[in-house]
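Same order as they appear, the protein sequences are chains A and B. At position 466 of the first sequence (counting the first as 1) the number is 467 in the working numbering, and the numbers step up by one without a gap. At position 203 of the second sequence (counting the first as 1) the number is 487 in the working numbering, and the numbers step up by one without a gap. From the three backbone atoms N, C-alpha and C, an ideal C-beta is built for every residue, glycine too. These figures come from a predicted structure and were not determined experimentally. Below you'll find the structure, written out as structure tokens, and then a few comments.
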Amino acid sequence: MLSTSPEFKANAARALEDPSLQKALTRTRPQHPAKRAAAKAGLPEFEALRDIGRDIKNHTLQHLDFYLETWAGNVEKSGGQVHWCSTADDARAAVLAICQRVGARTVTKGKSMISEELAINEHLEAHGIVPVETDLGEYILQIRGEPPSHIIGPAFHLNREDWEESFRKVHTDLPADRVFAERRDIMVEARTKLREKFLAADVGITGANFLIAESGSSVIVTNEGNGDLTQTLPRVHIVLASIEKVVPTLEDAMSLLRLLARSATGQDFSVYTTFSTGARRPGDWDGPEEYHVVVVDNGRSAMVGTEFQDMLRCIRCAACMNHCPVYFAVGGHSYGWVYPGPMGSVLTPSLIGIDKAGNLPNASTFCGKCESVCPVKIPLPKMMRHWREREFERHLSPQGVRSGLGVWGWLVQRPAVYRVLTQVAAWGLAKLGRRTGRLSSLPLAAGWTAGRDLPAPEGETFFARYARLQREGKL
Amino acid sequence: MSRDAILGAIRRGLKRGPLPEDQAFALRARLVGHPRHLTPARSIGTHAELVSRFVANVEKEFGTLTRVPDLAGVPGAVADYLAAQNLPTDFAMSPHPELTQDIPWHLRPMLQIRVGRAAASDLVCVQQGYAGIAETGTLMLPSAPERPTTINLLGDTAIVVLRASRIVGPYEDAWAWLRQRVDPVSGGFMPRNVMLVTGPSRSADIESVLELGAHGPRRLHIVLVEDAPAP
Chain A
2 MLSTSPEFKA NAARALEDPS LQKALTRTRP QHPAKRAAAK AGLPEFEALR DIGRDIKNHT
62 LQHLDFYLET WAGNVEKSGG QVHWCSTADD ARAAVLAICQ RVGARTVTKG KSMISEELAI
122 NEHLEAHGIV PVETDLGEYI LQIRGEPPSH IIGPAFHLNR EDWEESFRKV HTDLPADRVF
182 AERRDIMVEA RTKLREKFLA ADVGITGANF LIAESGSSVI VTNEGNGDLT QTLPRVHIVL
242 ASIEKVVPTL EDAMSLLRLL ARSATGQDFS VYTTFSTGAR RPGDWDGPEE YHVVVVDNGR
302 SAMVGTEFQD MLRCIRCAAC MNHCPVYFAV GGHSYGWVYP GPMGSVLTPS LIGIDKAGNL
362 PNASTFCGKC ESVCPVKIPL PKMMRHWRER EFERHLSPQG VRSGLGVWGW LVQRPAVYRV
422 LTQVAAWGLA KLGRRTGRLS SLPLAAGWTA GRDLPAPEGE TFFARYARLQ REGKL
Chain B
285 MSRDAILGAI RRGLKRGPLP EDQAFALRAR LVGHPRHLTP ARSIGTHAEL VSRFVANVEK
345 EFGTLTRVPD LAGVPGAVAD YLAAQNLPTD FAMSPHPELT QDIPWHLRPM LQIRVGRAAA
405 SDLVCVQQGY AGIAETGTLM LPSAPERPTT INLLGDTAIV VLRASRIVGP YEDAWAWLRQ
465 RVDPVSGGFM PRNVMLVTGP SRSADIESVL ELGAHGPRRL HIVLVEDAPA P
């Protein structure tokens, strides 16, 4: 997927002015925290499970080579094939080679963020193979030529009228004057259209929420059942998975699954949690004849052993973006690549470079909500701070920001000068705002005061007041 | 080769070579022992408590359920459910002996049964339930020649016949049953496909409002057969 992350600021400004997006954001924003909180209330052990989830992932990452080799060996024992791919190019080539070998014309796809990362659809199309997204949200986005704006609710930014308009445009075999009285009618039309595609497809591509080392299984989690139809009906099933998806045992996976749906949608468990292991067995009535896993690195192994290793614990639940004030102001597309919100602000610079994604770790208020809801306790704000440091060290931030930080750095290392200057500033601002008690414009802060007033200081700095109260024996 | 490149890069990050044998041995022991982590209180109880929790959780997730005293009660329960929902009396059914041999379908001669996998045109499919998990009202449906996967997926209405003795508390108990199996291909225990199903298919992709019946079954109905609890 092409990145517009370098244009984050322009993207965000546009998003703030987009009435349709703001309508969707306003509608969705209050839902997520309430749903997660209700699900958490139904499982008193939730906090203890977060520690367990973190520890399972940490244990796996410390022995990632061992568990990947064990997993791959078990895939092969159960009749599947593993394709190891270091880069996105390798992975695209591996998928295309399988599709071409079996003479595939159409390919159905379950929802997979790694397939967005690899831009599989564009690659298949360029070689005359038709990819069909089957997740309801992904389906409408494919029709509209848009990328997902959220990792589990990819089309939540669209409103009902957008769905109706797009369906009328592409489903031209249906009566033009049909009525979509309810949301349900939109869904039924998609279900009917996609049923034909499921049955016609030669290859089905799914992602993987987990890979299980002990059995060589891949796991998908869906509510719609589209992933299951995708992997059951075609002759060939291709799983796309990144290397950090592996966990040792089913028991490890089940503990993480207890966290996943509750953190993601506020369900106790998703509707379909499906474990696939190899191809059709002797005597089976259905299932694919070939089972392939394309296991992708694409920059992740370089995170192992660095201050960003903890990010590899992520189970893609979206709780961080669901609770993020910045995400719900500017929406997912502003982030400009596959992974939006706090997890994207940490992961994207690792995968496409801090030179392109430097704006993302800056797009945080550091309120800390993301870390507090993360099911595997990833220290997201801390890692965004690491990226800010790297951006500064590599001279990537704009000159204005660098000079400002330089002046600030000089000042805070000289407490006497700092106190005098802040004293002068507090006194001056108090004088300026004497009449109204507020300041409606400030030098160097026009951007900030454009949207709100600054309450005028009282004329005394914090340091001065603290010292005075101490002298007076009031502290 | 990409495999070596990836494993090499991971090992460089971890600042070591391939795992020393003593450490690999410990990890293999963990795989063989597959220790359980925390078992939530909601999945612990007497069998009767677990059955009622299973029923409550199925209903919470928009599933429906009929309880019958024995397998002879199944044909009536299925026929009555289909009639109540205005559904046709013909359906596809898994070739599981518990369904094909143990249930006296002749008690309801109106029912027309096709045994095998499901076709896209099937409105109703009947599956045999391997296990029910009380913790979240979840069904475990492993694939096998006698339990085709398409039966779980293609019908508009999915009916699952589950014996009450097959209800467990936590997911791990259901896996423990499956772990006793020997797969003809891998020699391990995992069948090709294991579905954990919790309620009927749904989506909230349109304006974040939940609608039932996205791609999988719109309705999930369980016929729960009261039999003696498993020892």
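Using only the alpha-carbon positions, how far apart do B:Ala498 and B:Gln411 sit? As a first step, residue 498 of chain B must be located in the second sequence, where it is residue number 214. As a first step, residue 411 of chain B must be located in the second sequence, where it is residue number 127. Those two C-alpha atoms are separated by around 20 Å.
Return helix, strand or coil for A:Tyr340, following the three-state DSSP convention. Here residue 340 of chain A is taken as the residue at index 339 of the first sequence, counted from 1. Of the three classes helix, strand and coil, the one that applies to A:Tyr340 here is coil, per DSSP.
Neighbourhood of B:Arg351 by C-beta distance below 7 Å, restricted to the same chain and skipping five residues each side: Here residue 351 of chain B refers to the residue found at position 67 when the second sequence is read from its first residue. Hits under 7 Å: Leu508 and Glu510.
Backbone secondary structure at A:His158 - three-state DSSP: On the first sequence, position 157 is the one that residue 158 of chain A refers to. A:His158 falls in the coil class under three-state DSSP.
Give a yes or no on whether the minimum CB-CB distance between A:Ala42 and chain B is below 8 Å. As a first step, residue 42 of chain A must be located in the first sequence, where it is residue number 41. Not an interface residue.
Would you report the Cα separation of A:Asn122 and A:Ala358, rounded to the nearest angstrom? The residue labelled residue 122 of chain A in the question sits at position 121 within the first sequence. The residue labelled residue 358 of chain A in the question sits at position 357 within the first sequence. Approximately 23 Å, taken between the alpha carbons.
Length-filtered (4 minimum) alpha helix (DSSP H) runs lying within the stretch 252-289 of chain A: none
Span separating the alpha-carbon of B:Ile451 from that of B:Ser327: Taking the second sequence and counting its residues from 1, one reaches residue 451 of chain B at position 167. Taking the second sequence and counting its residues from 1, one reaches residue 327 of chain B at position 43. Cα to Cα, the separation comes out at about 11 Å.
Mind pulling the alpha helix (DSSP H) runs of 4 or more residues that sit fully within the stretch 143-219 of chain A? 161-171 and 184-201
When DSSP labels each residue in this structure, what does B:Pro515 get in the three-state scheme? Indexing the second sequence from 1 puts residue 515 of chain B at position 231. Because B:Pro515 carries a pLDDT of 44, less than 50, the predicted location of this residue cannot be relied on, and no value is offered for it.
Going by the DSSP bridge assignment, what does A:Trp85 pair with across the sheet? Reading the first sequence from its first residue, position 84 is the one you call residue 85 of chain A. Bridge partners of A:Trp85: A:Val296.
Helix, strand or coil, according to DSSP, for B:Met316 in the structure here? Counting from 1 along the second sequence, the entry for residue 316 of chain B is found at position 32. Contrary to the premise, residue 316 of chain B reads as Val rather than Met in this sequence. Correct three-state label for B:Val316: helix.
Taking only beta carbons into account, state which residues of the stretch 146-177 of chain A come closer than 9 Å to chain B, listed in chain order. Gly154, Pro155, Ala156, Phe157, Leu159, Asn160, Arg161 and Trp164
With 16 other Cβ atoms within 10 Å as the buried cut-off, status of A:Leu406: Position 405 of the first sequence holds residue 406 of chain A. It counts as exposed.
State the Cα-Cα distance for the pair A:Leu137 and B:Arg337, rounded to the nearest angstrom. In the first sequence, the residue the question calls residue 137 of chain A occupies position 136. In the second sequence, the residue the question calls residue 337 of chain B occupies position 53. Going from the Cα of A:Leu137 to the Cα of B:Arg337 covers about 32 Å.
So A:Trp85 contacts chain B; which residues on that side make the cut at Cβ distance below 9 Å? Your numbering for residue 85 of chain A matches position 84 in the first sequence. Those are Met285, Ser286, Arg287, Asp288, Ala289, Ile290 and Leu291, listed as they occur along chain B.
Any contact of the stretch 82-92 of chain A with the stretch 259-279 of chain A, i.e. 3+ C-beta pairs under 8 Å? no
Classify A:Pro444 as helix, strand or coil using the three-state DSSP reduction. As a working mapping, residue 444 of chain A is identified with position 443 in the first sequence. Three-state DSSP puts A:Pro444 in coil, outside helix and strand.
In whole angstroms, give me the CA-to-CA distance for A:Lys475 and A:Glu461. Working through the first sequence from its first residue, we reach residue 475 of chain A at position 474. Working through the first sequence from its first residue, we reach residue 461 of chain A at position 460. Their Cα atoms are separated by approximately 17 Å.
Would you give the residue range spanned by the alpha helix (DSSP H) that A:Ser365 belongs to? Stepping through the first sequence from its first residue, residue 365 of chain A is reached at position 364. No alpha helix (DSSP H) holds A:Ser365; DSSP gives it neither H nor E.
Using a Cβ cut-off of 8 Å (strictly closer), state whether A:Lys198 contacts chain B. In the first sequence, the residue the question calls residue 198 of chain A occupies position 197. Closer than 8 Å: no.
So, with DSSP's three-state summary, where would you put A:Ser351? Along the first sequence, one-based indexing puts residue 351 of chain A at 350. Looking at A:Ser351 - three-state DSSP - the assignment turns out to be helix.
Per-residue DSSP class, three states only, for A:Gln471: In the first sequence, residue 471 of chain A corresponds to position 470, counting from 1. Reduced to three states, the DSSP call for A:Gln471 is helix.
Of all Cβ atoms in chain A, is any one closer than 8 Å to the Cβ of B:Ala376? For the purposes of this step, residue 376 of chain B is taken as residue 92 along the second sequence, with counting starting at 1. Closer than 8 Å: no.
Shorter than 8 Å from the beta carbon of A:Gln32 to some beta carbon of chain B? As a first step, residue 32 of chain A is located in the first sequence; it is residue number 31 there, counting from the start. Answer yes: the Cβ-Cβ gap between A:Gln32 and chain B drops below 8 Å somewhere.
Does A:Val272 come within less than 8 Å of chain B when only Cβ atoms are used? Locating residue 272 of chain A in the first sequence gives position 271, where the first residue counts as 1. Yes, contact with chain B.
Please list, in chain order, the residues of the stretch 354-387 of chain A that have any C-beta partner in chain B closer than 7 Å. none
Taking a contact to mean a Cβ-Cβ separation below 8 Å, would you say A:Thr135 touches A:Thr173 in this structure? Numbered from 1 along the first sequence, position 134 holds the residue referred to as residue 135 of chain A. Numbered from 1 along the first sequence, position 172 holds the residue referred to as residue 173 of chain A. No.
For A:Asn75, which three-state DSSP category applies? Your numbering for residue 75 of chain A matches position 74 in the first sequence. It is helical.
Output needed in chain order: residues of the stretch 432-465 of chain B with a Cβ under 7 Å from some Cβ in chain A. Pro432, Thr433, Thr434, Leu437, Tyr455, Glu456 and Trp459
Which whole-angstrom value is the C-beta distance of A:Asp311 and A:Ile379, which I expect to be below 8 Å? In the first sequence, the residue the question calls residue 311 of chain A occupies position 310. In the first sequence, the residue the question calls residue 379 of chain A occupies position 378. Right, their Cβ atoms sit about 5 Å apart.
Give a yes or no on whether the C-beta atoms belonging to A:Ser256 and A:Ile130 are separated by under 8 Å. In the first sequence, counting from the first residue as 1, residue 256 of chain A sits at position 255. In the first sequence, counting from the first residue as 1, residue 130 of chain A sits at position 129. It is not a contact, given that the beta carbons lie outside the stated cut-off.
Spatial neighbours of B:Ala442 in its chain, beta-carbon cut-off 6 Å, leaving aside the 5 residues before and after: Walking along the second sequence from the start, residue 442 of chain B turns up at place 158. Taken in chain order, the residues that qualify are Cys409, Pro501 and Leu504.
From the DSSP output, which residues share a beta bridge with B:Met285? Here the question's residue 285 of chain B lines up with position 1 in the second sequence. Beta-bridge pairing links B:Met285 to no other residue.
Beta-carbon proximity list for A:Cys368, same chain, < 7 Å, skipping 5 on both sides: Here residue 368 of chain A is taken as the residue at index 367 of the first sequence, counted from 1. Contacts found: Pro326.
Report yes if the CB atom of B:Pro432 is closer than 8 Å to the CB atom of A:Trp286, and no otherwise. Numbered from 1 along the second sequence, position 148 holds the residue referred to as residue 432 of chain B. Numbered from 1 along the first sequence, position 285 holds the residue referred to as residue 286 of chain A. The answer is yes: Cβ separation under 8 Å.
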